[in-house]
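To keep things clear, I will list the structure first and then write my remarks on it.
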Amino acid sequence: MRSELRRCLALLLALAIGAGAAGQAAAQSTGSRTLAPGIGGVPGQLPGFPLLGQSGMPQSAVTTPSGAPATQPPPTFDQRSLADIPGQQRGTERIGSPTQAEGGASLVAPLGDQARIAGPATAVFGAALFTGQQQSSSEAPNPNYVLAPGDRVSVRAWGAVDSELVGVIDPAGNLFLPNIGPIRVAGVRVGDLQAMVEGEVRKVYTSQVQVYATVLSTQRIGVFVTGFVRAPGRYAGVASDSILDFLVRAGGVDPGRGSFREIAITRGGSNVANVDLYRFLLEGRLTQIRLQEGDTIVVGRQRAMIGADGAVRNNYLFESTSRASLSGRELIDLARPLPAATNAVVRGVRSSQPFSRYMTIGELAQQTLLDQDTVTFVADVATRTIRVNVEGSRLYPSVLVTDRDMTLCQILDHIAVDPGLANTDGVFILRPALALQQKRAIDEALDRLERQLFLAPAPTGSVAEARSAEANLISQYIGRARRVQPEGRLVVMGQDGGCAPLRLENGDIIVIPERSQTVLVQGEVNLPQAVIWREGWSATDYLDAAGGLSERGSRSTLMLRRPSGQAILNPQVPPRPGDELIALPYLDPKIWLFGRDLVTTLFQIALAARVFINN
Numbered sequence: 000m001r002s003e004l005r006r007c008l009a010l011l012l013a014l015a016i017g018a019g020a021a022g023q024a025a026a027q028s029t030g031s032r033t034l035a036p037g038i039g040g041v042p043g044q045l046p047g048f049p050l051l052g053q054s055g056m057p058q059s060a061v062t063t064p065s066g067a068p069a070t071q072p073p074p075t076f077d078q079r080s081l082a083d084i085p086g087q088q089r090g091t092e093r094i095g096s097p098t099q100a101e102g103g104a105s106l107v108a109p110l111g112d113q114a115r116i117a118g119p120a121t122a123v124f125g126a127a128l129f130t131g132q133q134q135s136s137s138e139a140p141n142p143n144y145v146l147a148p149g150d151r152v153s154v155r156a157w158g159a160v161d162s163e164l165v166g167v168i169d170p171a172g173n174l175f176l177p178n179i180g181p182i183r184v185a186g187v188r189v190g191d192l193q194a195m196v197e198g199e200v201r202k203v204y205t206s207q208v209q210v211y212a213t214v215l216s217t218q219r220i221g222v223f224v225t226g227f228v229r230a231p232g233r234y235a236g237v238a239s240d241s242i243l244d245f246l247v248r249a250g251g252v253d254p255g256r257g258s259f260r261e262i263a264i265t266r267g268g269s270n271v272a273n274v275d276l277y278r279f280l281l282e283g284r285l286t287q288i289r290l291q292e293g294d295t296i297v298v299g300r301q302r303a304m305i306g307a308d309g310a311v312r313n314n315y316l317f318e319s320t321s322r323a324s325l326s327g328r329e330l331i332d333l334a335r336p337l338p339a340a341t342n343a344v345v346r347g348v349r350s351s352q353p354f355s356r357y358m359t360i361g362e363l364a365q366q367t368l369l370d371q372d373t374v375t376f377v378a379d380v381a382t383r384t385i386r387v388n389v390e391g392s393r394l395y396p397s398v399l400v401t402d403r404d405m406t407l408c409q410i411l412d413h414i415a416v417d418p419g420l421a422n423t424d425g426v427f428i429l430r431p432a433l434a435l436q437q438k439r440a441i442d443e444a445l446d447r448l449e450r451q452l453f454l455a456p457a458p459t460g461s462v463a464e465a466r467s468a469e470a471n472l473i474s475q476y477i478g479r480a481r482r483v484q485p486e487g488r489l490v491v492m493g494q495d496g497g498c499a500p501l502r503l504e505n506g507d508i509i510v511i512p513e514r515s516q517t518v519l520v521q522g523e524v525n526l527p528q529a530v531i532w533r534e535g536w537s538a539t540d541y542l543d544a545a546g547g548l549s550e551r552g553s554r555s556t557l558m559l560r561r562p563s564g565q566a567i568l569n570p571q572v573p574p575r576p577g578d579e580l581i582a583l584p585y586l587d588p589k590i591w592l593f594g595r596d597l598v599t600t601l602f603q604i605a606l607a608a609r610v611f612i613n614n
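Under numbering that gives the first Met the number 0, the first residue of the sequence shown carries the number 0, and numbering increases by one thereafter.
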């Protein structure tokens with residue numbers, strides 16, 4: 000158990016200190032070169048990025064770091080399959096080496112819906128119409144409602160004549176007023192009722208009579224709702240209710256069987272109107288029809304259903320206007336692919352056999368899609384440029400857009416700095432992808448450590464108690480270590496100030512630290528503090544200036560960390576300005592202290608999570 004614990008803790012310590020060393024080793028294996036002249040304070044220019052002249056206007060010429068025009072040979076393509084061309088004779092589509100952008104198609108989410116779960120569409124377009132609560136009928140119709148027989152109207156007159164009447168429009172469409180006679184109000188808008196009644200009264204009472212007319216309630220009707228709805232039946236309402244009100248009362252269109260595009264209204268056995276809810280959903284237009292007592296709303300069977308997902312704004316299942324198919328152009332109009340979408344994957348069934356095709360958006364527009372097909376829109380194009388951020392002591396732009404084959408040494412030629420303020424030997428890179436790798440490596444090591452702690456058998460009861468106490472102590476530090484977020488620091492500068500010709504990735508952050516005149520002394524010292532750098536001082540002098548080593552400190556466990564992130568164990572060289580001198584704790588051979596102190600050190604180093612070189 001002890002040997003396994005030592006091995007696991009040692010591995011965990013190595014991962015926490017050197018996570019991402021493989022990426023840094025690859026960068027170092029390509030060699031190094033002297034720091035580019037542009038880092039000394041002369042502003043340079045990136046290919047495709049305008050160089051500002053003395054007047055502040057962009058210069059017309061675009062050059063490479065060597066001064067030659069930034070021309071690229073045209074890409075070459077071959078119509079034959081690569082399998083038919085010998086390896087030495089195959090043409091290249093682009094000069095350079097592959098990048099992560101060539102890893103395959105990617106799904107893109109809309110800017111306003113970044114939390115969308117990638118995957119096939121599951122919701123039917125328009126089904127949300129019937130997910131709300133059922134609304135009761137309103138007794139007061141809207142101003143655009145047209146009066147019909149059976150509606151209740153109130154008319155009041157005062158002044159020379161004082162009377163009030165509440166009447167019902169008769170089957171002939173008239174409302175009888177005493178001393179006035181019948182007034183035809185059927186077919187009149189509610190908003191025009193006041194003016195119409197007042198005009199009729201004025202024909203008899205020319206002055207000193209005021210009139211007020213209003214609609215109290217509309218006719219109560221019963222409408223049958225049937226077909227492919229959730230709850231067919233007869234539902235009561237008022238004549239001013241729309242077809243949507245009665246569909247909601249019937250539970251809405253069944254999304255698995257019913258049609259949103261084929262809804263018929265029958266009266267006396269004849270079809271009086273057809274409703275397509277897509278016109279309402281997309282254009283806000285709904286067939287205007289006044290429902291009557293005994294009308295029937297029939298929801299037809301579902302037509303061809305095609306799904307759209309991926310890089311689209313409308314991630315839904317869409318119903319076709321025909322029984323069996325939907326054109327690709329119609330689906331594109333309904334799904335609204337994002338600008339980044341370049342291709343589509345069509346999956347379905349043809350002749351009882353699985354069917355799958357990969358095509359461009361233009362080719363999709365010419366296709367005929369069948370029932371139950373799914374179309375996934377993807378972004379499948381290699382990015383030609385990358386974006387790199389520059390932080391720290393720099394001049395001019397902090398965001399650079401460059402060709403994706405640009406290396407660090409080349410881009411440093413085009414970053415202007417103040418040589419008196421910038422520490423050009425301490426340049427390093429923060430890479431988000433590397434931070435994820437570091438986090439994954441640390442979590443895997445912690446998982447192995449937990450298995451060793453809690454699954455090892457104990458020969459006696461006393462050994463089991465000791466191991467239990469030890470495991471509980473270490474598990475507390477493991478929990479703290481899991482909360483560490485590595486920064487993904489990548490060491491790119493050598494001892495001689497040369498940079499590694501590392502190819503940059505999209506999202507990289509180039510950090511240029513400022514010059515410092517201090518040496519930070521920390522770790523197992525009595526007074527951790529920053530000490531002013533002095534010419535000729537050794538590591539021992541800085542330790543003495545920080546109060547000397549603590550009880551757990553040892554001169555054999557010193558570590559020197561450069562501003563670039565490079566770490567040197569047991570350094571034989573004196574610290575430089577801006578360096579950190581760390582006195583690591585001395586590990587007691589006893590297993591209890593070994594586990595406790597090592598995990599404490601693990602947490603401290605994992606908190607930094609930096610890549611370094613052992614010299």
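Heads up, the beta-carbon is just placed ideally off N, CA and C, and yes, glycines get one too.
Put simply, the stretch 224-232 touches the stretch 295-303. At least three CB pairs are less than 8 Å apart. Per DSSP, V510 lies in no alpha helix (DSSP H) segment; the continuous beta strand (DSSP E) that holds it begins and ends at 508-511. Look at the stretch 467-498 and you find these whole runs of beta strand (DSSP E), each 3 residues long or longer: 488-490. For L325, the enclosing beta strand (DSSP E) has its first and last residue at 324-326. Within the same chain, and ignoring the five residues on either side of S324 in sequence, the residues whose Cβ sits closer than 8 Å to its Cβ are A303, T367, L368, L369, D370. Excluding five sequence positions before and after P562, the CB atoms of its chain that fall closer than 6 Å to its own CB belong to N422, G425, P512, G577, given in chain order. Between the C-alpha atoms of V123 and A378 there is a straight-line separation of about 24 Å. Contact check for R386 against N505 passes: the beta carbons are separated by less than 8 Å.
Within the stretch 515-599, the runs of beta strand (DSSP E) that reach at least 3 residues and sit entirely inside it are, in chain order, 517-522, 528-531, 552-560, 566-568, 579-584.
DSSP, read as helix, strand or coil, puts I296 in strand. Inter-segment contact for the stretch 199-219 and the stretch 157-170 is present: three or more beta-carbon pairs are separated by less than 8 Å. If you look at L429, you'll find it in the beta strand (DSSP E) that goes 427-429.
With contacts defined as CB atoms closer than 8 Å, L429 and G493 fail to qualify as a contacting pair. Approximately 6 Å separates the beta-carbon atoms of I581 and R560; this is inside 8 Å, confirming the contact. Contact between the stretch 305-316 and the stretch 332-339 is present: 3 or more CB-CB pairs across the two stretches fall below 8 Å.
Between L454 and I477, the CB-CB gap reaches or exceeds 8 Å. Bounds of any alpha helix (DSSP H) do not take in D240, whose DSSP letter is neither H nor E.
In this chain, Y395 is not harboured by any beta strand (DSSP E), its DSSP state being neither H nor E. Taking one beta carbon from each stretch, the stretch 179-197 and the stretch 253-273 have fewer than 3 pairs nearer than 8 Å; the two do not touch. Here DSSP, grouped into helix, strand and coil, assigns R183 to strand. Nearest in C-alpha terms to F129, of all of A238, I182, L243, is L243.
F279: member of the alpha helix (DSSP H) spanning 276-282, first to last residue. The beta carbons of L146 and V154 sit no closer together than 8 Å. When beta bridges are read from the DSSP output, S216 appears opposite R151. For the set A212, E199, N178, the Cα lying nearest the Cα of R151 is the one of A212. Annotation: the continuous beta strand (DSSP E) that includes G306 extends over 304-309. In this structure T517 is in contact with W532, their Cβ atoms being roughly 6 Å apart against a cut-off of 8 Å. Listed in chain order, the non-local C-beta contacts of T406 below 8 Å within the same chain comprise P500, L501, R502, L503, local neighbours out to five positions each way being set aside. Here DSSP, grouped into helix, strand and coil, assigns Q409 to helix. Here I220 is near Q291, since their CB atoms are less than 8 Å apart. In this chain, E504 is not harboured by any alpha helix (DSSP H), its DSSP state being neither H nor E. Taking a C-beta distance under 8 Å as the contact criterion, S258 and R289 do not qualify as a contact pair.
With distances taken between CA atoms, I509 lies nearest to I414 out of D372, I414, Q218, D495. T121 sits in coil when the DSSP states are folded into three classes, being neither helix nor strand. Put simply, of S467, G251, R447 the residue whose alpha carbon is nearest the alpha carbon of P231 is G251.
Shown here, A171 sits in coil according to DSSP, grouped into three states, outside any helix or strand.
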